[in-house]
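Numbering (my numbering), first residue to last: 1 to 580.
Next up, the structure:
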């Protein structure tokens, strides 16, 4: 079938005009210079914004409100740099246009680099807005005049503890502030439950988490950064936030002891403080003495508020004890009666002696840690055991000669009595049998006895100032043969640091420290480090006004030490290695 050919129809559109790139060279150059490129227009717009934008305000807005304010600032800054580059190099482009004209016309387009993304380092290049105020002539927003002062830490005696060097005399105000903060943290450290892992632990855990992603590419300063990422690091870490360390590590060369405000600073005793004791559970301490007044204080190391005072009009108080449950206080003196104060009801009960006994004085008393027994040291070597619940007589144990002092074991199942002849008896409290008996080496007149909480040591003190420390195993190595055999073991250590009669002898709750003191001489107090069997060298110091020490006590956890003296004061100390 024949095909008819027809002339092509004219298009309604305008005919396409072919432009010769070479002939249109001059017009192309004129249009490029007359009409700004898109990147140049963007740069002009951004520069108009940069003129009205305060970079410091934008950075501050990002820190306060978050977001990407700093990124916008970086882009604006980049555009500013690009425009200056574009303007500065425009002449060079024009000057070297002959070299590039052929390439551009051959390709049919021009290469514009003004809108390319710059490296991150260039975006954050230093600028005038990022300089310190002192570098650009702007005054600082805040000037603390106290930072420029000098504090003399040598002239004032109480500030000498802040020195890092013995020859140091003055420190700057800011350094002085940091040292005071450090001293306060030593005095009142954070409780263990509130402590977080150290910076080193956090850095190590963070390094392990990011090891596969960016090994070796992080800045070392990020490894110890605990700023706004501290919470994130803590949540990402598997480290425990609770300190589970065991017992404190102590040294005989240095014992960290800080003196706090006196416990009874709000109500000093008007006579010798005969008894100080911490409550077994609450942060409360009692003081009692010959002024016939029992006082209770809340122990915080700062104010030590007085809780209550009880006046006993007919009995100077020789001994005062909390019961094991902490609900009552037993007060005894040189009378035929004694008193029981109930902390819950606030009532005081007078106990008229012990039925079946005709003792005229109950001034020497002890309480078992188990809370079952109260022991009264009576005449003729008798120790009367009374029920702490009913205040009724239970039994007696009797040793040869006069009983000078006695102490219960930590579990309350054993009773140790120290007689006038220098013999020590060990009794079974339940059966009232004498289990062991030994003679204290070199004892002239017994004055004090103590047993450690772990049952490992037993210490004796005498009128000569000598303190003997025995291993419990050594005194139990010889059995008693019908109560007639005596044994003289060798003490594991003999302390001869004091020269007057030992009147106070107590073990620390963790059985690592032994306190010994004498009221016959001023400042006669020492602490022995039992693992090394040496006396602590750095404490106490001569500056501590112990005066004549009449009594002392450790807190249940061993963090506090209270010392009563003849001036009616109850001094308070904090042991840094232990919790309060």
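For glycine and all other residues, C-beta sits at the position ideal for the given N, C-alpha and C.
Here the region 146 to 165 makes contact with the region 176 to 184; the two share three or more CB pairs at distances below 8 Å. The region 550 to 568 and the region 281 to 299 touch, with three or more beta-carbon pairs separated by less than 8 Å. Taking C-alpha positions only, residue 571 is separated from residue 174 by approximately 32 Å.
With 16 or more other Cβ atoms inside 10 Å of its own Cβ, residue 519 counts as buried. The DSSP-derived three-state label of residue 529 is strand. Taking a cut-off of 8 Å on C-beta distances, the region 465 to 478 touches the region 423 to 443, as three or more cross pairs fall below it.
By the beta-carbon neighbour count (other beta carbons within 10 angstroms, threshold 16), residue 141 is exposed. With respect to residue 439, residue 448 sits apart: the two C-beta atoms are not nearer than 9 Å. The three-state secondary structure of residue 488, taken from DSSP, is coil. Membership of residue 513 in the beta strand (DSSP E) is indicated by the continuous run 513 to 517. Under the DSSP assignment, residue 342 falls in the beta strand (DSSP E) whose first and last residues are 338 to 342. The shortest CA-to-CA distance from residue 510 to any of 499, 266, 457 is the one to 457. Runs of beta strand (DSSP E) with 3 or more residues, each lying fully within the region 528 to 560, are found at 549 to 554, listed in chain order. Bridge pairing for residue 294: 288, 310 [DSSP]. Around the CB of residue 334, fewer than 16 other CB atoms lie within 10 Å, so the residue is classed as exposed.
The region 321 to 329 and the region 352 to 370 touch, with no fewer than 3 CB-CB distances between them shorter than 8 Å.
For residue 474, the secondary structure class from DSSP, reduced to helix, strand or coil, is helix. In this structure, the alpha-carbon of residue 308 lies about 19 Å from that of residue 272. Taken through DSSP and simplified to helix, strand or coil, residue 57 comes out as helix. By the criterion of a C-beta distance shorter than 6 Å, residue 350 is surrounded in its chain by 337, 339, once the five residues flanking it on both sides are discounted.
Each of 195, 291, 444 was checked against the Cα of residue 318, and the nearest Cα belongs to 291. For residue 461, the uninterrupted beta strand (DSSP E) run begins and ends at 457 to 462, by DSSP. Inclusion of residue 401 and residue 420 in the CB contact set at 9 Å is warranted, their separation being smaller than that value.
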